[in-house]
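Chemist: Count the sequence shown with the numbering used here and you get residues 24 to 483, in order.
Backbone N, C-alpha and C define an ideal beta-carbon position, used for all residues, glycine too.
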Amino acid sequence: MTVRTRFAPSPTGFIHLGNIRSALYPWAFARSQGGTFILRIEDTDLERSSQAAVDVILEGMAWLGLDHDEGPYYQMQRMDRYKQVLREMQDKGLVYPCYMSVAELDALRERQMANKEKPRYDGTWRPEPGKQLPQPPEGVQPVLRFRNPLSGVVAWDDKVKGRIEISNEELDDLVIARPDGTPTYNFCVVVDDIDMRITHVIRGDDHVNNTPRQINIFRALGQEPPVYAHLPTVLNERGEKMSKRNGAKPVTQFRDEGFLADAVVNYLARLGWSHGDEEIFSRQQFLQWFDLDHLGKSAAQFDEAKLRWVNAQHMKLMDDRVLALLVAEQLRKRGVAPDDRLPRICGLFKDRCDTTLVLVDWASRFYLPVQPGADDKAKHITEGVRPALSMLARMLEGVAWDKAAIGDSIKEVLRATGLKMPQLAMPVRVLVLGTAQTPSLDAVLELMPRDIVLQRLSAA
Ligand code: GLU
Numbered sequence: 024m025t026v027r028t029r030f031a032p033s034p035t036g037f038i039h040l041g042n043i044r045s046a047l048y049p050w051a052f053a054r055s056q057g058g059t060f061i062l063r064i065e066d067t068d069l070e071r072s073s074q075a076a077v078d079v080i081l082e083g084m085a086w087l088g089l090d091h092d093e094g095p096y097y098q099m100q101r102m103d104r105y106k107q108v109l110r111e112m113q114d115k116g117l118v119y120p121c122y123m124s125v126a127e128l129d130a131l132r133e134r135q136m137a138n139k140e141k142p143r144y145d146g147t148w149r150p151e152p153g154k155q156l157p158q159p160p161e162g163v164q165p166v167l168r169f170r171n172p173l174s175g176v177v178a179w180d181d182k183v184k185g186r187i188e189i190s191n192e193e194l195d196d197l198v199i200a201r202p203d204g205t206p207t208y209n210f211c212v213v214v215d216d217i218d219m220r221i222t223h224v225i226r227g228d229d230h231v232n233n234t235p236r237q238i239n240i241f242r243a244l245g246q247e248p249p250v251y252a253h254l255p256t257v258l259n260e261r262g263e264k265m266s267k268r269n270g271a272k273p274v275t276q277f278r279d280e281g282f283l284a285d286a287v288v289n290y291l292a293r294l295g296w297s298h299g300d301e302e303i304f305s306r307q308q309f310l311q312w313f314d315l316d317h318l319g320k321s322a323a324q325f326d327e328a329k330l331r332w333v334n335a336q337h338m339k340l341m342d343d344r345v346l347a348l349l350v351a352e353q354l355r356k357r358g359v360a361p362d363d364r365l366p367r368i369c370g371l372f373k374d375r376c377d378t379t380l381v382l383v384d385w386a387s388r389f390y391l392p393v394q395p396g397a398d399d400k401a402k403h404i405t406e407g408v409r410p411a412l413s414m415l416a417r418m419l420e421g422v423a424w425d426k427a428a429i430g431d432s433i434k435e436v437l438r439a440t441g442l443k444m445p446q447l448a449m450p451v452r453v454l455v456l457g458t459a460q461t462p463s464l465d466a467v468l469e470l471m472p473r474d475i476v477l478q479r480l481s482a483a
């Protein structure tokens with residue numbers, strides 16, 4: 024059997040990290056099994072769907088490298104197909120028209136609640152042998168209801184939740200077409216999953232209640248349902264369900280804030296799946312290790328500080344030249360033309376950065392004027408150190424421009440003036456990079472053109 028998985032987002036808000044985790048796992052499962060990953064946009068809620076939301080889905084997935092093999096299919100473009108299946112079901116007596124009005128349904132619900140019964144459709148219009156149906160009211164367009172089995176259980180072995188069994192007596196006859204003939208959500212999902220030959224449905228557990236209904240429709244259509252894995256919810260930092268309404272950022276915002284795609288994939292992978300104690304891993308390792316048997320059963324909580332930490336680890340491990348490409352892109356947006364120093368600048372500073380934007384800030388100090396803060400200047404550039412700064416500037420005018428020679432000059436000045444390393448290094452850092460906290464001074468100066476160093480030192 025070839026594995027076929029899908030991600031089926033509804034474009035009703037900008038996709039956040041919690042949602043896109045439901046793309047990562049089916050993608051990873053398809054990739055790790057040599058299968059096919061399908062993207063399906065469930066855009067039938069016309070009022071709430073938007074092209075802008077579709078764009079964020081496509082952009083976010085492309086950024087994270089969650090490439091699809093088929094699609095994107097759009098449900099709105101498949102309406103004819105759903106209607107065709109509806110007609111087939113009508114012909115086979117699998118669905119029936121129901122004329123119960125909204126007012127009648129409300130009254131029924133109230134009666135049931137008053138009797139402490141679970142509100143459900145009572146089957147008034149369900150045809151049965153020997154049963155006399157009411158007269159259809161004039162001029163009313165009926166809904167179509169699915170003839171759910173009356174007895175027995177629907178059961179499946181969920182890859183996350185284990186065995187789930189629901190009695191058919193709990194399920195009433197689902198509306199699968201509205202009065203205007205448009206198909207409803209659960210029905211479209213089943214037709215799609217059949218037509219797209221989906222073998223594994225991996226999705227959020229907010230759909231677990233739909234699953235027994237969907238399985239019954241599968242069986243009515245003569246198909247065996249796929250394997251299901253229902254992923255626990257992702258909570259935000261306040262322990263609420265992650266959602267746009269309570270401040271979850273669109274996925275693409277993490278890209279813009281300087282997170283690496285591989286780090287976000289790593290972080291999301293761990294948010295609901297584990298491979299022993301492994302915290303930091305590459306995309307290749309993830310695909311090698313991923314399986315459906317180690318999905319977490321409890322809700323995962325998003326933690327931006329942890330994501331930053333994972334990002335920092337990936338930055339450390341990343342090849343300096345590859346990192347420099349990302350940084351160069353950002354520098355160009357700030358009007359800077361980066362040069363071949365950039366990979367070395369990235370190598371020198373990446374250990375102290377948790378996003379590429381922080382690294383861009385460091386790198387820009389090598390290309391744009393720096394403005395040391397008044398406090399730093401007052402604290403470090405004192406009368407006592409000015410002669411040493413002039414001496415250093417004079418020495419640096421003539422030395423070979425490399426780390427060793429620069430280091431020797433610094434030591435020479437320390438010897439001649441009796442200052443300690445920090446007393447000289449701090450003011451030089453403030454003047455040259457605009458801040459007192461930097462990596463080793465000789466390594467920093469080596470990457471800055473000599474004339475710029477001399478010019479910045481002269482501002483003492
Ligand atoms: N469109 C649904 C959602 O965005 C997912 C449906 C499914 O995966 O079956 O929640």
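1) Just the C-alpha distance for LYS106 and THR205, rounded to the nearest angstrom, thanks.
2) On the criterion of 16 or more Cβ atoms from any shown chain inside 10 Å, does GLU469 qualify as buried, or is it exposed?
3) In whole angstroms, give me the CA-to-CA distance for ALA483 and ALA75.
4) How would you write the range of the alpha helix (DSSP H) that GLY83 sits in, first residue to last?
5) Using DSSP with H/G/I as helix, E/B as strand and the rest coil, what is GLN311?
6) Which residues in the same chain as ASP343 place their Cβ atom closer than 8 Å to its Cβ, once the five residues preceding and following it in sequence are excluded?
7) Does GLU65 come out as helix, strand or coil in the three-state DSSP assignment?
8) Can you check DSSP and say which residues form a bridge with PRO206?
9) On the three-state DSSP scale, how would you describe ALA328?
10) When the cut-off is 9 Å and only beta carbons count, does TRP424 lie next to chain D?
11) Smallest Cα separation from TRP86: which of HIS317, LYS402, PHE282, ASP316?
12) Which same chain residues end up closer than 6 Å to PRO273 when comparing Cβ atoms and leaving out the 5 residues on each side of it in sequence?
13) For the beta strand (DSSP E) holding CYS369, just list the boundary residues, first then last.
14) On the three-pair Cβ rule with 8 Å, is the segment 136-155 touching the segment 96-115?
15) With respect to 8 Å, is the separation between the Cβ of ARG27 and the closest non-hydrogen atom of ligand 1 below this value?
16) Can you find a heavy atom of ligand 1 that lies under 8 Å from the Cβ of ASN232?
17) What does the alpha-carbon distance come out to for the pair ALA328 and GLU260?
18) Are the beta-carbon atoms belonging to PRO120 and LEU131 less than 9 Å from one another?
19) Quick check: is any heavy atom of ligand 1 less than 8 Å from the C-beta of ASN239?
20) With respect to 8 Å, is the separation between the Cβ of ASP181 and the closest non-hydrogen atom of ligand 1 below this value?
21) Taking 7 Å as the limit between beta carbons, can you name the residues of its chain near GLY20, skipping five residues before and five after?
22) Considering just the uninterrupted stretch of the alpha helix (DSSP H) at PRO160, what are its terminal residues?
23) Using the Cβ count rule (16 or more neighbours within 10 Å means buried), how would you classify LEU156?
24) Which of the three DSSP states is assigned to TYR290 in this structure?
25) Taking only the alpha-carbon atoms, compute the straight-line gap between PHE126 and GLY58 and give it to the nearest angstrom.
26) Three-state secondary structure (DSSP) at SER190?
27) Using the three-state DSSP reduction, which class does LYS264 fall into: helix, strand or coil?
28) Between which two residues does the alpha helix (DSSP H) containing PRO142 stretch?
29) CA-CA distance, VAL350 and TRP385?
30) Leaving aside the five residues before and after VAL476 along the sequence, list all residues of the same chain whose C-beta is less than 7 Å from its C-beta, in chain order.
31) Starting from VAL436, trace the alpha helix (DSSP H) both ways and give me its first and last residue.
32) Beta carbon of ARG226: closer than 8 Å to some heavy atom of ligand 1?
33) Could you give the distance in angstroms between the alpha-carbon of VAL453 and the alpha-carbon of GLY421?
34) Do PRO361 and LEU412 have their beta-carbon atoms positioned less than 9 Å apart in this structure?
35) If I measure Cβ to Cβ from VAL224 and keep anything under 6 Å in the same chain, skipping five residues before and after, which residues do I get?
36) So what does DSSP say about ASP181, is it helix, strand or coil?
Modeler: The answer reads as follows:
1) Here residue 106 refers to the residue found at position 83 when the sequence shown is read from its first residue. Here residue 205 refers to the residue found at position 182 when the sequence shown is read from its first residue. C-alpha separation (whole angstroms): 8 Å.
2) Along the sequence shown, one-based indexing puts residue 469 at 446. Result: buried.
3) The count along the sequence shown starts at 1 and reaches residue 483 at position 460. The count along the sequence shown starts at 1 and reaches residue 75 at position 52. Using only the alpha carbons, I get a separation of about 52 Å.
4) The sequence position of residue 83 within the sequence shown is 60, counting from 1. Taken as a continuous stretch (DSSP letters only), the alpha helix (DSSP H) holding GLY83 covers 74-87.
5) Sequence index remark: in the sequence shown, residue 311 carries index 288 (1-based). Note: GLN311 maps to helix in three-state DSSP.
6) Looking up residue 343 in the sequence shown gives position 320. Around ASP343: PRO366, ARG367, CYS369, GLY370, LYS373.
7) For the purposes of this step, residue 65 is taken as residue 42 along the sequence shown, with counting starting at 1. DSSP places GLU65 in coil when its eight states are reduced to three.
8) Counting from 1 along the sequence shown, the entry for residue 206 is found at position 183. DSSP lists ALA200 as partners of PRO206.
9) Against the sequence shown, residue 328 aligns to sequence position 305. ALA328 falls in the helix class under three-state DSSP.
10) Here chain D cannot be found, since the structure has a single protein chain.
11) To locate residue 86, count along the sequence shown from 1; it is residue 63. Considering only alpha carbons, the answer is PHE282.
12) If you number the sequence shown from 1, residue 273 lands on position 250. Result list for PRO273: PHE37, VAL79, in chain order.
13) The count along the sequence shown starts at 1 and reaches residue 369 at position 346. Counting along the chain, CYS369 falls outside any beta strand (DSSP E), though it belongs to the alpha helix (DSSP H) covering 365-372.
14) no
15) Within the sequence shown, the letter at position 4 stands for residue 27. Every heavy atom of ligand 1 is 8 Å or more from the Cβ of ARG27, so no.
16) Working through the sequence shown from its first residue, we reach residue 232 at position 209. Not under cutoff, so the answer is no.
17) In the sequence shown, the residue the question calls residue 328 occupies position 305. In the sequence shown, the residue the question calls residue 260 occupies position 237. So the alpha carbons of these two residues sit roughly 10 Å apart.
18) If you number the sequence shown from 1, residue 120 lands on position 97. If you number the sequence shown from 1, residue 131 lands on position 108. Cβ distance not < 9 Å, so PRO120 and LEU131 don't count as in contact.
19) Your numbering for residue 239 matches position 216 in the sequence shown. No, the beta carbon of ASN239 sits no closer than 8 Å to any heavy atom of ligand 1.
20) Reading the sequence shown from its first residue, position 158 is the one you call residue 181. No, the Cβ of ASP181 stays beyond 8 Å of every heavy atom of ligand 1.
21) Outside the shown range of the chain (24 to 483) lies residue 20, about which nothing can therefore be said.
22) Along the sequence shown, read from residue 1 onward, the residue named residue 160 stands at position 137. First-last for PRO160: undefined, no H or E at that position.
23) Locating residue 156 in the sequence shown gives position 133, where the first residue counts as 1. Exposed, since its Cβ has fewer than 16 Cβ neighbours within 10 Å.
24) For the purposes of this step, residue 290 is identified with residue 267 of the sequence shown, where counting begins at 1. In this structure, TYR290 counts as helix in the three-state DSSP scheme.
25) Against the sequence shown, residue 126 aligns to sequence position 103. Against the sequence shown, residue 58 aligns to sequence position 35. It should be pointed out that residue 126 corresponds to Ala in this sequence rather than to Phe. So the alpha carbons of these two residues sit roughly 49 Å apart.
26) In the sequence shown, the residue the question calls residue 190 occupies position 167. It is a strand residue.
27) For this step, residue 264 is matched to residue 241 along the sequence shown. Three-state result, LYS264: strand.
28) One-based indexing of the sequence shown puts residue 142 at position 119. Element bounds for PRO142: n/a, residue is neither H nor E.
29) The residue labelled residue 350 in the question sits at position 327 within the sequence shown. The residue labelled residue 385 in the question sits at position 362 within the sequence shown. Roughly 10 Å between the two C-alpha positions.
30) Residue 476 sits at position 453 when you count from the first residue of the sequence shown. The answer, listed in chain order, is LEU419, VAL455, LEU468.
31) Translated into positions along the sequence shown, residue 436 becomes position 413. VAL436 -> alpha helix (DSSP H) spans 426-440.
32) Locating residue 226 in the sequence shown gives position 203, counting from the first residue. ARG226: yes, Cβ under 8 Å from ligand 1.
33) Stepping through the sequence shown from its first residue, residue 453 is reached at position 430. Stepping through the sequence shown from its first residue, residue 421 is reached at position 398. Whole-angstrom Cα-Cα distance: 22 Å.
34) Here residue 412 refers to the residue found at position 389 of the sequence shown. Here residue 361 refers to the residue found at position 338 of the sequence shown. Against a cut-off of 9 Å, the Cβ pair of PRO361 and LEU412 comes out as no contact.
35) Translated into positions along the sequence shown, residue 224 becomes position 201. These residues qualify, in order along the chain: PRO249, TYR251.
36) Reading the sequence shown from its first residue, position 158 is the one you call residue 181. Strand.
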